[in-house]
Each structure stands twice: as structure tokens, then as C-alpha cells.
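In this note's numbering, the protein residues as written are 82 to 657. Idealized CB from N, CA, C, for every residue including glycine. All values reported here derive from a predicted model rather than from experimental measurement. The block underneath contains the structure these notes are about, expressed in C-alpha cells.
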Ligand code: AMP
Ligand code: MG
């Protein structure tokens, strides 16, 4: 709970969300400019605002929320030009993002100028700035005439408020005004993007999606949260925030967004055709387990899962509170209701909330991030030990431009998988770490494959993405450098990325050793591009040798699986 007593007389003012009347807001804006605390709606969540240039007011925000002192605040501005006094420099990338996404749910971390109270950034020499899209937020900031530092308007650690009543439940008596303009449309907080390093890094996924940022910036790294990282299959794991993430964005270190009830996150099976049924079955099993231990349970899940749950168990003796918070493939719907549903289930007094996560695309990434940080336990429905997948697992081959080595390797691997009878379990695909344009395979690669009866005529080069890596079971790179590029893009796949020769068991250059450049290069398949047909043939031979050993390994793995009856991914057993 907050450190100070509830000594303020909180005044609640209703405001029209679309066309706020300035005369209704003026009083609160004046209070804000004079050091007061004002709760206001934004398109993401309700914020708790204070003058960002007033150290005392900013300290009062931390006290009211009981916010850990090392967690910096985001500064909200009324127009893009107002960023000038807050940061020392606006790099070109920032300017491009501002024109595309502002006003909107994107906070940019830049170098802080002296005008921003030091308390805002808690010792960091950076500051996060954004221009919100909500008319009431903009009018309030305009009338106050000051930049507004505002975290979410909840007591620290609790779910963010997306309705004025939720903010009031936490902060009544601790703030001067609450502007009530109804529910927040986006429902999850802004995306926090750090632009102070060589590569833009998403510190917190949010209302602007990683896919949208990549359209503008190309390369964007994402610090993966607890629920978006891959865990060993086969059971529940406890979510622990990642150390690097915590160092870059101190707020990530803390438990967040948590309802009073214990939250169990079930990540849906999005890979198999019968994924929805499997997911519902896992939810039903967790419900039964919690109830058997004498706890009361509420479920928040996709509409489809809610429908299937009726069939997955018999709930007649003890009715099960189930809230469908959106369609399975509409993470935006889920995001908009996420925090409100958690708070509503809390109000019903259940001991445990079983929450179904989203697919990890688009806004689903932010949904899973919030649920992962709120969760005491995470269960992956896709790893429930059921019968093997009906759709094959993807093995992704990676090279530079995806025109020579990796498409050849994928074609050869698919051929060997088919011959080994493993083509129903695995399918090879390819991508490149730097693909300037979607084009065909090189003519030499097409010809050398044709000589082996393999067709590369329809190949189209594509850039590898974090999403692609996320849903791939095994990633094999042509060189150690490609492996490093993959890890830079998706650190979470470390347990399933290998160099091709390394996975084939070719001592040198498995990518596991940090040996000399020479020893690493020995484990690489070198680039034949521009070196003529003969060099392509040699590269293809080299790839084929390694591929044959990879398939041998996968065959042994399949035998082992059958023997012990356990589904185990190809990346999860020990290196030879
Ligand atoms: P909140 O406003 O409560 O949703 O939290 C603000 C988020 O922005 C937290 O995750 C902070 O860690 C992050 N943040 C704010 N300022 C900075 C900064 N200067 N550097 C890195 N992260 C920041
Ligand atoms: Mg917050």
C-alpha cells in the first residue's frame, strides 16, 4: 500500500472522451501545473500525472503508488515539438517514428535534458517520452502547459486501470483529481522503445506492435519477457524476469500487473490443428487440480476456449466463472479487456485465476508479456505431453541472403527427411539474416539442385524474423556468424539454434565453443556466391554430408521418443 495517508480530497470529474470541454478540465489542469496529482485517461490505460519538471510532485507520484524508487516514469507531451526541451537530441529514427506513430502508444527512450526532474528517470541519463492519442489526455496536458510524468494509475504491482473506477479503487484519497472518460480503448500500456543504443530495443511490448516498428526501422530487438521465452516442455515453470531486461529497463525487475488471486497462465497451443481443443483440455485439467486442492477458481480465456470448456468438463456441481475476453485470433480484443477482467475476477473473490494467453503475434505479444509478469505459474498447452503434432515441426535453415546455401540445405534436408520417413514429423524451410529483396534462388543453386533432382524454381528469398524463429523447433545456421545474428534477433531461441555442422556433430565450430576465429570458420559452410558452378557443387556436397548426420540424429531422437514415450524437441537434448 502507499506510503502516505489518504489525505487528499479526490474529486472525480466526468469528461466526454471524444470532445472534452476545456472548462470541465481546467480546474484539474491548474492543479497539475501547481504540483497536484491528476488521474487521466489515455488510449492505453489511465495515468497518474504530475508536472515532470517539479521534483516534489514527481516524488508524490512514487509515494501515492508505492512505486519502487528505481522504476522511471514516462513523460507525456501535447505536441511532437514539445520533445525539444526534454531530450538532448532527436535522432532521425526517432523523428520518423514520431511522424508515423504519434499521437499513439509508443514511448521513445532518448537522452534526457536537464529540464526534466531527475526523479522522473531515477538516476538514468535517459527519459521516455510519448504523445498520447486520447483527446482528454491531450487537452489536459495542453491546458496545464507542462510536460506530464505519468505512470499507470494503480497501486504498484496491481493490474493497470483501464476504467476510472479501477484507478479510484487504488488511489482514492491519494490524488487530487480523477478525470473519468470511460474505458481505455487499447487496454495495454505503450510500447517502450530504447533508441539510445546502436540497435533499437523494445524494452516493453505494448500498443504499437513489434511488426509495425520493423516496417519502419527494419532491425528491432526485443527483450523477451517471461511468457514469450521458450521454456523446457513438459510442465509448469515459474516466470523469472530476464537479467538483461532488468538492467536496461529497471521497472521490469518488479512483479507487475498481478491480481490478488494467484494467476496461472496457460499459453495456448497455436501450432497444432487441434490446438483449441488441447488448450481447453489443459485449462479444464488445471481447474480440476486447483479445485481438488480446495481452491476457488475463475477462468479468463478466448471465446473459442470458453465454448470448448463446456465440453471439456462437467461443471454442473460447482459452476465455473468463465469470462471470454475476446476472439482467439483477435489479440486486440483481449488487450482491451485484459486488466478489467483480472480486476473483475478479483472482485468475485476467487483464489486462482486461470488465464489463457494469446498467440504471440501483434498485440498478443503485449498480452502475453503482461500475463507472464502477473503469473505465479506458466503452463504451455502445446507441451502437454499429448500425441505428436499432426503438422510437422519446422526446421529452419539460415544463411545470409537466402538465395544459395540455405535454400539448397532446405531442399536437401527435405529430401533426406522424406527418405528417412521423417517428413511427417519435420519440414525444412529457409530464411536469411540479410535479405535486401524477395527474389529467386541464384541460377547456380537452381542448377546444382536440379542435378540432384531437386527443384528450387519456386523459391523466394525471405528475411528471418523473430516471429519465424519463435515458431521454429530447430534452427540450423550455415555459419557461426549467422547463429550470432539469430541470437541477436531472438535471444529466447538459444536452446534450439546450432550451426548446421555443429548439430551434425562436426567437432569444430559447433558454435558452442568460443574458440579462435579459425576454429569457428572450420565449422562454417562458406558462401559459394559468385564463385562458379563447381564451388556450388562442393558446397552442396558439404551440406549434404552434414544433413545426412542431422537426419541420423533426428531418427535416433524419434526412436528414443517412441521408447520413452516422451515428446522431446530436437534442440533440447545435449550436444554430442
Ligand atoms: P508505467 O508508466 O507504470 O507503465 O511504467 C513505465 C515503463 O517505462 C516502465 O516499464 C519503465 O521501466 C519504462 N521506462 C520509463 N522511463 C525509462 C527510461 N528512461 N529507460 C528505460 N525504461 C524506461
Ligand atoms: Mg505501470
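Query, Result
"Less than 6 Å between C-beta atoms, sequence neighbours within five positions excluded: which residues of the same chain meet that for residue 110?", "221, 224, 225"
"Can you round the beta-carbon distance between residue 448 and residue 415 to whole angstroms, since I take them to be within the 8 Å contact cut?", "5 Å"
"Grab me the residues of residue 116's own chain with a C-beta within less than 7 Å of its C-beta, minus the 5 sequence neighbours each way, in chain order.", "132, 135, 137, 138"
"Is there contact here, the region 146 to 153 with the region 264 to 282, by at least three beta-carbon pairs under 8 Å?", "no"
"Report buried or exposed for residue 320, applying the criterion of at least 16 other Cβ atoms within 10 angstroms of its Cβ.", "Interpretation of residue 320 is limited by its pLDDT of 29, a score under 50 that renders its predicted location unreliable; the figure taken from the coordinates is listed afterwards. The residue in question, residue 320, is buried, as its Cβ has 16 or more Cβ neighbours within 10 Å."
"Sort out for me which residues DSSP pairs residue 528 with in a bridge.", "Residue 528 is not bridged to any residue."
"DSSP on residue 523, reduced to helix/strand/coil?", "coil"
"Nearest by alpha-carbon distance to residue 538: which of 494, 509, 406, 489 is it?", "489"
"Using the beta-carbon count (16 or more within 10 Å), is residue 102 buried or exposed?", "exposed"
"Give a yes or no on contact between the region 483 to 498 and the region 295 to 304, applying the rule of three or more CB pairs nearer than 8 Å.", "no"
"Return yes when the C-beta of residue 516 is under 8 Å from any heavy atom of the ligand AMP, and no when it is not.", "no"
"Within the same chain, show all residues whose beta-carbon is closer than 7 Å to that of residue 418, passing over the 5 residues directly before and after it, in chain order.", "268, 406, 407"
"Considering only C-alpha positions, which residue in the set 230, 553, 194, 527 is nearest to residue 118?", "230"
"To which residues does DSSP link residue 429 through a beta bridge?", "Answer is none; residue 429 lacks a bridge partner."
"Taking the beta carbon of residue 395 as the centre, do at least 16 other beta carbons fall within 10 Å, making it buried, or is it exposed?", "exposed"
"Tell me whether residue 232 counts as near the ligand MG, meaning its Cβ is closer than 8 Å to at least one heavy atom of that ligand.", "yes"
"Less than 8 Å between the CB atoms is what I'm expecting for residue 345 and residue 363, so what's the real figure, rounded?", "About 10 Å separates the two Cβ atoms, so there is no contact after all."
"So, at 6 Å on beta carbons, what are the nonlocal neighbours of residue 336 in its own chain, with the 5 sequence-adjacent residues on each side left out?", "238"
"Enumerate in chain order the residues of its own chain whose CB-to-CB distance from residue 159 is below 8 Å, with the five nearest sequence positions on each side excluded.", "212, 219, 222, 223"
"With DSSP run on the structure shown, which of helix, strand or coil describes residue 360?", "helix"
"Give the secondary structure of residue 311 by DSSP, where H, G and I count as helix, E and B as strand, and everything else as coil.", "Because residue 311 sits at a pLDDT of 38, beneath the cut-off of 50, its placement in the model cannot be relied upon, and the following sentence gives the value as read from the coordinates. Looking at residue 311 - three-state DSSP - the assignment turns out to be coil, as it is neither helix nor strand."
"Relative to the alpha-carbon of residue 452, which residue among 443, 437, 463 has its alpha-carbon at the smallest distance?", "437"
"With a threshold of 8 Å, establish whether the CB of residue 153 neighbours any heavy atom of the ligand AMP.", "yes"
"Determine the direct distance from the alpha carbon of residue 288 to that of residue 413, and round the result to whole angstroms.", "9 Å"
"At a cut-off of 8 Å, is residue 337 close to the ligand MG when judged by its beta-carbon and the heavy atoms of the ligand?", "yes"
"Measuring alpha carbon to alpha carbon, tell me which of 535, 546, 584 ends up nearest residue 559.", "584"
"The ligand AMP and residue 571: does the residue's C-beta get closer than 8 Å to at least one heavy atom of that ligand?", "no"
"If I'm right that residue 567 touches residue 479 with Cβ under 8 Å, what's the distance once you round it to whole angstroms?", "6 Å"
"Could you check whether the Cβ of residue 188 sits closer than 8 Å to any heavy atom belonging to the ligand MG?", "no"
"Please confirm whether residue 551 and residue 441 have their CB atoms less than 9 Å apart.", "yes"
"Report yes if the CB atom of residue 208 is closer than 9 Å to the CB atom of residue 156, and no otherwise.", "yes"
"Could you tell me whether the Cβ atoms of residue 188 and residue 259 are closer together than 9 Å?", "no"
"What separation, rounded to the nearest whole angstrom, lies between the Cα atoms of residue 227 and residue 123?", "17 Å"
"To the nearest angstrom, report how far apart residue 98 and residue 261 are at their CA atoms.", "8 Å"
"Tell me whether the beta-carbon of residue 154 lies closer than 9 Å to the beta-carbon of residue 277.", "no"
"Where does residue 193 sit, in a helix, a strand or coil, going by DSSP?", "strand"
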